[in-house]
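These protein sequence lines are chains V, B and G, in that order.
The numbers in the working numbering rise by one with no breaks, and the one at position 157 of the first sequence is 157.
The numbers in the working numbering rise by one with no breaks, and the one at position 35 of the second sequence is 35.
The numbers in the working numbering rise by one with no breaks, and the one at position 448 of the third sequence is 448.
Built from N, CA and C at the ideal position, the CB exists for glycine as well.
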Amino acid sequence: MRSPRSRFELACRVGVFALLGWLLGASVIPSGGRRADTVNGAGLERRLPVWTRLPSNVALHANLDVTPAAATIDWLAALGHSGHSVTWTGTPTPLAVAAEALADPRGGTSVHVAAPAGSSVVLRDDASVLDSVRIANLGVSVTASDVVGSMVAGVRGETAKVRAPDSVHVRSVVVVGGAGWEGKFIVAALEERGWHVIARFAVAPSVDVGQNAALVLDTARIAAVIAVDTLLGRFGGAIERYVRSGGGLVLAGSSSLAAPASRLAPGALGARFRPAVLPADTIGLGATGFYPVASLERDAIALERRTGGVSIAARRVGAGRVIQVGYDDSWRWRMAGGPGSEVAHRAWWSRLVSGVAYAPPAGADETGTSAAPLAAMIARIGPARPLPPGMGGRAPIDRRVYMIVIMVLLLAEWGSRRWRGLR
Amino acid sequence: MSTEFVFATAQYESGDWDSAPLVPPNIIDTIARYTEIAVAPTGVIVALSDDRMLRYPLLFLTGHLPVRFTEAERRNVRRFVERGGMLFVDDHNHDIDGTFHKTATEEITRSVGPLVELPNDHQLYTAFFKFDGPPTTSHELNGWGDNLVHRHLLAVMRGGRIAVLYSSKDYSSEWNYHPDSKRFLSVDNTRFAVNIVVYALSA
Amino acid sequence: MNVFVELRAARLTLAAGVMVRALVWGASAALTVVAGAAAVDVATPLSLDVRSRVLGVAIAAGMATFVALGWRDRSVLSARRVALWVEEQFPSLEYALVTAVESGEPRFVQGTSTDRWLVVARRRVARALRTPSAAFAVAVIVLVVLPSGAVARVRSPHAGDSLERRPASRSGRRNRLAPLVAELAPPAYSGQRASTIDEPSDVRALVGTRVTIRGRGDGASVVAIAGPDTLRATTTADRWTVSLAVGTHPLAVRFRDEANARIVALEPIADDAPTVTLVTPPHDSVLRAATGRIALTADAGDDIGLASGAFEYIVSSGEGETFTFRSGTIGATRLAGKTASLTASIRLDSLALKPGDILHLRAVARDGNTVTGPGIGTSETRAIRIARPDEYDSLAVDAAAPSDAEKGAISERMLIMLAEALERQRPRLTRDTLLRESHGIAVDQKKLRRTVGDIVFTRLGGNPSAEESTNDENPQRAKSIAELLQRADSATNRSIDPMDFRGDESPVVAVNKPLLEAYNAMWDASLSLELGEPDRALPHMRRALAAIQRARQAERLYLHGAPPRVVIDLDKARLKGKDKGSSSVRRALTVSDSADNARADRFARIIELAARDPGAAADSLLLLRIDALTGAPAFAAALGDAAQAMRAGKGDVATAALARARRALAGVPVVHDSLGRWGIVP
């Protein structure tokens with residue numbers, strides 16, 4: 001009759017062999033059924049090492065509120081490639097960010113963030129927060145004159161990151177028109193901003209005042225042409241060739257009435273709009289009236305509307321861009337505007353020219369998975385899908401547990417024998 | 001408001017700002033004679049203390065009496081210059097006594113900065129007509145040891161442009177006549193005014 | 001011995017022991033606080049504020065400990081309690097002593113031996129004093145062991161005692177650039193007291209302040225680079241010194257000593273010019289008569305101190321083209337303090353003002369700045385005009401347009417000055433030269449005379465050149481005014497009654513009479529000039545000038561109203577000029593705010609450096625701050641906050657300060673809350 005101790009020892013030995021047999025069998029014979037292991041987003045990263053050791057018949061599923069980090073997505077993709085079924089569900093916020101260098105002598109970056117309307121986006125770079133904006137429609141555009149390092153946009157816990165692009169080489173701009181205040185102050189604003197301006201002001205028949213530089217409209221040398229009035233007609237057909245090859249054109253005031261501009265302008269010019277009441281003290285942009293764009297071309301975009309009509313419209317012509325600006329006396333805003341008007345006038349004209357200037361980027365466009373994280377995740381591991389029906393059950397036990405149990409049984413059996421004085 | 005060039009005379013409180021009322025029409029006539037610049041047929045008078053002086057980026061200021069700006073005038077002159085305006089000051093005394101010169105230069109220095117001699121090869125002198133320097137007026141003495149020949153104009157510069165142009169040569173007297181009298185002159189003595197206006201409109 | 005007496009003696013002994021024990025514990029507590037603060041100060045320098053409070057805290061702790069212990073053991077004053085204690089020590093008493101004390105009857109303890117009561121009490125006191133004495137000794141030992149400078153910094157803290165602190169680490173002791181002390185001696189005129197700053201990184205002081213930087217150790221290898229200057233330290237008694245003055249521009253002083261470097265920024269505070277307000281007269285005015293006294297009062301203020309003040313006046317006399325000026329000072333006085341009032345008065349009679357004169361008044365104040373020169377502040381100017389008699393009647397006559405004769409007046413004045421100058425130079429000139437120059441003036445005089453003659457005859461309807469010809473001997477020339485008037489009269493068929501030009505009579509005579517006078521005087525003058533006698537010509541020329549001015553006055557009375565509004569017929573004039581201009585080159589304007597661009601670049605590089613080396617980034621921020629103080633003060637202020645926060649390791653504060661700095665420099669980003677089809681919208 002065995003003693004209880006002996007039975008115990010026997011049970012331990014049987015248990016050890018049973019477990020070893022189980023392990024051997026599980027590794028050799030594929031199991032018929034599949035199980036699933038589900039984790040919530042917060043614990044996903046910690047769970048990945050466990051998932052890696054699970055047999056491939058275990059489906060892996062994550063409930064995500066935010067898109068996980070790129071490294072986590074890569075890991076999930078690798079698990080998927082190794083035979084696991086990797087699925088996810090949830091509602092991470094779709095977010096994408098892109099950055100382009102401003103064609104501006106002072107540099108600067110324009111950052112575009114796409115996110116759902118109504119959400120609040122916080123944009124920061126390596127130095128500090130740039131701004132926070134509530135999205136009205138599709139996304140936001142932020143133009144910052146100084147961006148340090150990478151830019152990160154954050155919406156509802158979701159973040160997208162993009163590196164600040166290298167600044168672009170800015171070429172000269174041409175300003176042409178009759179001598180007058182508008183031309184003078186456009187040139188002043190651009191030169192003070194750092195643009196290299198080739199000015200041509202007609203003063204009398206065959207008498208011009210301007211830079212002593214050859215005026216050849218070529219995108220290799222000229223980034224944009226700003227026409228102050230109908231003197232643009234001097235260029236004839238050269239202006240259209242220039243724009244179609246990528247050059248920029250700003251048609252200010254009545255300049256789109258010039259013959260060469262008619263095929264390029266975003267729209268036909270209407271009669272000059274004059275407000276009923278002229279400003280008594282400070283003068284803002286357009287407060288004294290403007291030339292409205294009466295009828296837009298089919299492919300033209302209205303950039304600014306005000307009482308009286310469309311004041312700024314834009315259009316792509318060939319490889320170039322044309323902006324039509326109805327204001328013919330923006331200089332009044334600079335001289336007689338409120339505090340800081342000269343700075344605002346300078347920046348406004350610079351942005352206008354940046355919007356059309358020919359300035360191809362210097363280097364390759366760098367886009368990474370972090371610029372649009374949700375899209376990148378979908379591209380790697382597919383869209384959101386629920387677990388297939390029938391998946392369930394208890395999650396498989398970690399094999400290390402088996403090994404520990406085996407060890408404990410062996411120790412117990414050995415300890416019991418030693419207790420009895422056996423070896 | 002039209003977009004043409006309007007000749008504006010500055011009115012200030014302390015002196016006889018209106019001592020040369022025929023200068024504006026004379027210069028307007030000159031601009032029309034030699035250029036295609038769209039110019040208003042009459043000039044305007046605008047008070048320096050009024051914010052509306054900022055609507056005229058070229059202002060003409062003259063007189064005989066001491067010039068003492070009020071705080072409002074000084075503030076406006078400062079803003080005017082910082083925003084890109086050009087103030088043309090002419091001593092109607094042609095510095096015989098010096099009080100206008102002393103007080104006006106003091107006020108200009110206090111408001112916008114020190115006056116420096118404008119080199120005679122500055123682009124102002126070739127902006128339209130070619131001059132070797134500031135044209136001498138018929139009222140200046142010449143070489144009698146009275147030291148009243150002004151070989152240079154003075155200027156306050158801003159960012160490479162003339163913000164204040166100061167003359168002791170008495171162009172106010174030289175140009176203060178009805179434009180119809182030009183027909184009596186063999187050489188139009190107002191041509192330098194074209195340079196000033198063309199410079200203001202292009203610099 | 002009386003039991004009660006013995007008991008009392010024992011009680012007194014115990015009470016004394018309690019007192020002494022409490023005292024020693026209190027002293028130990030106080031010394032412990034001092035020693036603890038000094039020990040902490042050795043490891044981590046405590047601020048002056050904290051050290052100033054340590055003694056107070058120590059005393060308070062000692063007092064509190066003394067009072068607490070004394071209160072706790074107050075039962076020693078109770079005879080009954082002491083009796084109980086004795087009972088404990090001597091159980092043989094079996095509460096007889098307590099009964100005796102409570103009843104007051106010594107018979108309960110009759111025959112009891114009391115010899116050992118006092119001994120036991122003393123022994124008990126001695127035992128009780130052991131621990132506090134030990135604590136006291138430990139505290140004293142700690143104080144002795146600590147560096148003397150550390151104890152002194154706690155015992156008598158004062159600004160500038162950083163140098164007395166010995167750093168704990170060896171490297172700290174070798175570093176001659178830490179600690180540093182800056183002693184500021186403002187310029188004498190400011191009246192400000194000298195001050196001391198421990199561990200200065202940023203020194204704001206009045207321009208002209210003498211800043212003396214002291215450090216510990218031998219300064220042989222210590223060098224201070226202040227802009228273009230390199231200063232060597234001088235050493236006295238284990239202290240090195242560098243002295244320099246605060247200039248008008250911010251300056252970063254870089255100290256170098258072997259492997260160590262340190263930056264101290266000097267930020268000048270400018271002495272502003274005084275502000276002056278003219279209180280009376282309160283506004284410009286016009287006076288009928290130049291008599292009486294005008295009271296002058298003004299208020300002056302200065303940021304540092306006023307030195308002197310006065311009222312200045314300028315009297316302008318004349319009109320039209322002829323003005324003379326006189327100036328002077330009234331009521332000059334010495335001033336003191338930051339605010340002062342100036343008072344004076346001016347007697348108009350003393351200025352000999354005439355109708356038409358203008359008196360310009362203003363107040364001027366100077367401060368006592370002896371470093372960059374006195375600042376001068378001026379008030380607004382008041383103009384007091386003496387009205388002309390003709391201004392009282394009815395109409396306010398606006399100045400008419402200057403007539404053509406106006407130009408003649410100017411030219412005549414110039415001719416007078418030419419002639420005067422020639423007359424002055426006459427002794428030095430040869431006869432030929434004199435004749436040549438005099439003849440030149442005569443030619444101009446004749447031209448002028450011809451012009452005046454044209455005016456007269458044009459007005460009279462005659463042929464402008466009828467009277468005049470180049471041949472001066474023409475017998476047709478009118479030799480007198482009367483003859484000229486006769487001709488004028490015959491040309492116009494008008495009466496020649498002169499002078500009374502009011503009412504309906506034509507002003508022709510009144511206007512032309514002075515012009516005719518001038519015409520004749522010019523004739524006489526040119527005759528003398530042709531003979532080479534400018535001295536004889538001058539009186540005639542002056543008479544001609546006076547006559548022209550009278551003519552101008554007459555015209556002003558009649559050609560009343562606003563200056564003629566001349567409207568140019570642009571179409572008629574357009575491009576009708578004989579001369580043609582030529583194309584010209586314009587020079588480009590300079591970039592505005594180019595300094596801001598440079599600052600932005602440096603700022604971006606410093607941000608990148610901060611991730612690798614926060615200490616170096618903080619120093620770089622300080623240098624950038626110095627450069628930006630003048631041109632971008634808001635940016636500079638934010639940089640200062642950021643540098644401080646970085647040094648203190650406060651990341652959040654530094655980030656917020658950096659965000660403020662970049663906004664101050666680059667402005668707020670332009671934000672559009674929607675994405676459009678066009679990339680960059682103006």
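By alpha-carbon distance to V:T93, the top candidate from V:W414, V:L257, V:L374 is V:L374.
Listed by position along chain V, the residues whose Cβ is nearer than 8 Å to that of G:T280 form an empty set, because the closest Cβ is around 32 Å away.
Taking the C-beta atoms as reference points, G:K576 is found no nearer than 9 Å to B:A38. Around the beta carbon of G:E94, a 10 Å sphere encloses fewer than 16 other beta carbons of the protein chains shown; the residue is thus reported as exposed. For G:V54, the number of other beta carbons within 10 angstroms of its own is at least 16, and it is reported as buried. Taking 9 Å as the cut-off, the beta carbon of B:G63 is found no closer than this to the beta carbon of V:M335. With a contact defined as Cβ atoms closer than 8 Å, V:A359 and V:V121 miss out at about 27 Å. Excluding sequence positions up to five before and after V:R420, its CB lies within less than 8 Å of the CB of R5, all in the same chain and listed in chain order. In chain order, G159, G160, R161, A203 make up the part of chain B whose C-beta sits under 8 Å from the C-beta of G:L589. When DSSP reads this structure, G:L296 sits in a beta bridge with G:A344. Taking a C-beta distance under 9 Å as the contact criterion, G:D367 and G:S316 do not qualify as a contact pair.
Counting only the Cα atoms, B:M157 lies some 44 Å from V:V113. Going by DSSP, B:Y199 is part of the alpha helix (DSSP H) stretching over 191-202.
Boundaries of the beta strand (DSSP E) around G:W240: 239-245. Among the residues of chain V, those whose CB is under 7 Å from the CB of B:G84 are F185, A188, R334, M335, E342, following chain order.
Not a single C-beta of chain B is nearer than 9 Å to the C-beta of G:H540. In the three-state scheme derived from DSSP, where H, G and I count as helix and E and B as strand, B:Y166 is classed as strand.
Among the CB atoms of chain V, one or more fall inside 9 Å of the CB of G:N597. Distance between G:S78 and G:F108, taken at the CA atoms: about 19 Å. The beta carbon of V:I301 sits closer than 6 Å to those of A314, all from its chain and outside the five residues before and after it, given in chain order.
When secondary structure is reduced to three states using DSSP, V:W181 falls in the helix class. Checking the DSSP bridge columns, you'll see B:Q11 partnered with B:A47. When the beta-carbon positions are compared, V:W181 and B:T3 come within less than 9 Å of each other.
Nearest CB-CB separation between G:E517 and chain V: not below the 9 Å threshold. Pairing B:H150 with B:P25 gives a Cβ-Cβ distance that is not under 9 Å. Taking CB atoms only, G:L609 has no neighbour in chain V less than 9 Å away. Using a Cβ-Cβ distance cut-off of 8 Å, the stretch 125-144 of chain V and the stretch 185-196 of chain V are not in contact, since fewer than three pairs of beta carbons, one from each stretch, lie closer than that value. Listed in chain order, the beta strand (DSSP E) elements of length 3 or more contained wholly in the stretch 258-344 of chain G are 260-269, 275-280, 285-287, 293-301, 306-319, 322-334. In the DSSP assignment, G:T655 falls within the alpha helix (DSSP H) that extends over 651-666. The beta strand (DSSP E) runs of length 3 or more contained entirely in the stretch 132-159 of chain G do not exist; there are none. Fewer than three beta-carbon pairs drawn from the stretch 22-30 of chain G and the stretch 211-221 of chain V are found closer than 8 Å, and the two stretches are therefore not classed as touching.
Inter-segment contact for the stretch 67-81 of chain B and the stretch 108-121 of chain B is present: three or more beta-carbon pairs are separated by less than 8 Å. Apart from the 5 residues on each side of it in sequence, G:R262 sits with its Cβ closer than 6 Å to the Cβ of L177, F255 in its chain, given in chain order. When only Cα atoms are considered, G:E517 and G:K354 end up about 26 Å apart.
The beta carbon of G:G301 lies closer than 7 Å to those of P274, T275, K338, T339 in the same chain, with the five residues before and after it left out. With distances taken between CA atoms, G:M541 lies nearest to G:A419 out of G:A419, G:K578, G:F325.
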